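These protein sequence lines map, in sequence, to chains A and B.
The opening position of the first sequence corresponds to residue 17 in this note's numbering, with each subsequent residue numbered one higher.
The opening position of the second sequence corresponds to residue 103 in this note's numbering, with each subsequent residue numbered one higher.
Cβ coordinates follow ideal geometry from the N, Cα and C atoms, glycine included.
From a predicted model like this one, the values you see are computed outputs, not experimental measurements.
Data first, discussion second: the structure below is written as structure tokens.
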Amino acid sequence: MSSDAVKKITFRVQRLDPEKDRKPHFQEFILPVKRGTTVLEGLLYIKENLDSSLAFRTSCRMGVCGSCGMLINEYPHLACHTQVEEFHSDMLTLKPLPNMDIIKDLVPRLNTLFEHHKSVKPYIIRDDKEEMEKPTAGYLQKPQELDEFLQFTYCIKCGLCIAACPTSASDKAFLGPQALGQAYRYCADSRDEGRDQRYQIVEKDHAVWNCHFAAACSEACPKGVDPALAIQLLRKGVVAKSLGVKKTSAPASLATPLPQARPKIEVPEFTVKQK
Amino acid sequence: MKNTYLQISQMITGALVAILLAIHIAAQQSYVVLGLLGIKVADPTTWVSMMERAHQGSWVGIYIALLAFGLFHALNGLRNILLETNLSASAMRILTGCLIAFGVIFLILGTYTPIALFSSYR
Numbered sequence: 017m018s019s020d021a022v023k024k025i026t027f028r029v030q031r032l033d034p035e036k037d038r039k040p041h042f043q044e045f046i047l048p049v050k051r052g053t054t055v056l057e058g059l060l061y062i063k064e065n066l067d068s069s070l071a072f073r074t075s076c077r078m079g080v081c082g083s084c085g086m087l088i089n090e091y092p093h094l095a096c097h098t099q100v101e102e103f104h105s106d107m108l109t110l111k112p113l114p115n116m117d118i119i120k121d122l123v124p125r126l127n128t129l130f131e132h133h134k135s136v137k138p139y140i141i142r143d144d145k146e147e148m149e150k151p152t153a154g155y156l157q158k159p160q161e162l163d164e165f166l167q168f169t170y171c172i173k174c175g176l177c178i179a180a181c182p183t184s185a186s187d188k189a190f191l192g193p194q195a196l197g198q199a200y201r202y203c204a205d206s207r208d209e210g211r212d213q214r215y216q217i218v219e220k221d222h223a224v225w226n227c228h229f230a231a232a233c234s235e236a237c238p239k240g241v242d243p244a245l246a247i248q249l250l251r252k253g254v255v256a257k258s259l260g261v262k263k264t265s266a267p268a269s270l271a272t273p274l275p276q277a278r279p280k281i282e283v284p285e286f287t288v289k290q291k
Numbered sequence: 103m104k105n106t107y108l109q110i111s112q113m114i115t116g117a118l119v120a121i122l123l124a125i126h127i128a129a130q131q132s133y134v135v136l137g138l139l140g141i142k143v144a145d146p147t148t149w150v151s152m153m154e155r156a157h158q159g160s161w162v163g164i165y166i167a168l169l170a171f172g173l174f175h176a177l178n179g180l181r182n183i184l185l186e187t188n189l190s191a192s193a194m195r196i197l198t199g200c201l202i203a204f205g206v207i208f209l210i211l212g213t214y215t216p217i218a219l220f221s222s223y224r
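Shown next as structure tokens:
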């Protein structure tokens, strides 16, 4: 297709308005597309020109925010990251992400994703509470230590891995590849001292041992993260900890502030006096 | 770390079941293969051969171990499957209790015969 050639394509979109419909149904929209048109652009065209009541999430339009995850021809994709011509078809079927409740049309309820994500303590935990509350300097980390977890920091919490996961489909309480991947990301961080706390969390029922290692999560991830690998490495860590063979290394030390470093900028006084 | 220990045990018992089953199958079928090679050995499936094995401590040990490891591996595997059926925590506890009781009863029943046979011989 040349860059300006326009052709017609049909979007078969699953619709559900919980206030009106008892079960989902499909609605077809015919719209013009050209080379490079993304599925999200098609949906925006429908919203602007054909049916303003169509509901879907979108924000950055460049595969960064993770809002527009949906099933396109029965496979989870980011709508902004997927061009219509990739499918070599005159009809695309769009559905909301599975393994989650539907709020409306293509909008899934992501509460469980974020609850599970929060439950694995996805942040640096240090024993020194004083330094955690009032940091005085950064922590030293070697490039090799960063490489241990770098790819897992690219997670955008779009939920495509959960939509692709067969265990999440059958076990609603399963923590899921996203949360388990992030648990490993922080356990592997040399600045972190909360590994044991996270191991206790992921070792419970419906967590790390319930992964069937289908690796569908890694295949679906639009950012190239490999949650299946993270889960295997997490298992390795949990087993090593249980058997008492885990090598423990001192956590990253604080970087000494350079003598010529400028002093920290003072926080300005509140302009409105607090009671 | 309960689940981790269960998972490690699942892997170890799986490997042990494979080894013990291989011994069992080899003992039961080797006479066919040896017979094809012209080596005549007694048929291990006859009553006399079975009783002979029942009076040997090593075979009694192998069969009791096979039963114990097989029961643990099978019932723990079943529990792992049931865990994914969205049962409530209390229902899961009851089911786990039932599986443990089932395993213990069948272990006692299964070990009774070889132990009784072995004891009667001595």
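- In the three-state DSSP reduction, V29 of chain A falls in the strand class (E or B).
- Contacts with chain B at 8 Å (Cβ-Cβ) do not include K39 of chain A.
- Checking the DSSP bridge columns, you'll see V123 of chain A partnered with A:K120.
- H41 of chain A and D117 of chain A have their C-alpha atoms spaced approximately 15 Å apart.
- In this structure, the beta-carbon distance from F130 of chain A to A246 of chain A does not fall below 8 Å.
- Taken in chain order, the members of the segment 189-206 of chain A whose beta-carbon sits within less than 8 Å of a beta-carbon on chain B are A189 and F190.
- The beta-carbon distance between A95 of chain A and L32 of chain A, rounded to whole angstroms, is 17 Å. This is too long to meet the 8 Å contact definition.
- As the crow flies, the alpha-carbon of L166 of chain A is around 28 Å from that of L87 of chain A.
- When C-beta distances to chain B are compared with 7 Å, the residues of the segment 242-259 of chain A below that value are V254, V255 and S258, in chain order.
- Taking all protein chains shown into account, F286 of chain A has fewer than 16 neighbouring C-beta atoms within 10 Å of its C-beta and is therefore exposed.
- In this structure, the straight-line span from the alpha carbon of G140 of chain B to that of V134 of chain B is close to 10 Å.
- About 36 Å separates the Cβ atoms of A271 of chain A and G175 of chain A, ruling out a contact at the 8 Å cut-off.
- For the options A:L162, A:Y202, A:N89 and A:L196, the alpha carbon positioned closest to that of E219 of chain A is the one of A:L196.
- With its beta carbon less than 8 Å from one in chain B, T183 of chain A belongs to the interface.
- Rounded to the nearest whole angstrom, the C-alpha separation of Q194 of chain A and T128 of chain A is 11 Å.
- Chain-order list of chain A residues neighbouring M103 of chain B: E219 and S258, by C-beta distance under 7 Å.
- Leaving aside the five residues that flank A21 of chain A on each side, the residues in its chain whose CB is nearer than 8 Å to its CB run, in chain order, K50 and R51.
- At a cut-off of 8 Å between C-beta atoms, S135 of chain A does not count as an interface residue with respect to chain B.
- Remark: C-beta atoms of V123 of chain A and I217 of chain A do not approach each other more closely than 8 Å.
- Contacts between N188 of chain B and chain A, judged by CB atoms closer than 9 Å, involve S186, D187, K188 and A189 in chain order.
- The C-beta of L259 of chain A has fewer than 16 other C-beta atoms within 10 Å across all chains shown, which makes the residue exposed.
- In the DSSP assignment, no residue is bridged to T215 of chain B.
- With the criterion set as a beta carbon lying under 8 Å from some beta carbon of chain A, the members of the segment 110-129 of chain B are I110, in sequence order.
- Rounded to the nearest whole angstrom, the CA to CA distance from P112 of chain A to L118 of chain B is 46 Å.
- Among the residues facing chain B, N226 of chain A is included, as its CB has a counterpart in that chain under 8 Å away.
- Nearest neighbour of T264 of chain A by Cα position, chosen from A:Q43, A:R251 and A:E209, turns out to be A:E209.
- DSSP places E64 of chain A within a helical segment (H, G or I) once states are collapsed to three.
- Shown here, P243 of chain A sits in a helix according to DSSP, grouped into three states.
- Taking a beta-carbon distance threshold of 8 Å, H132 of chain A does not count as an interface residue toward chain B.
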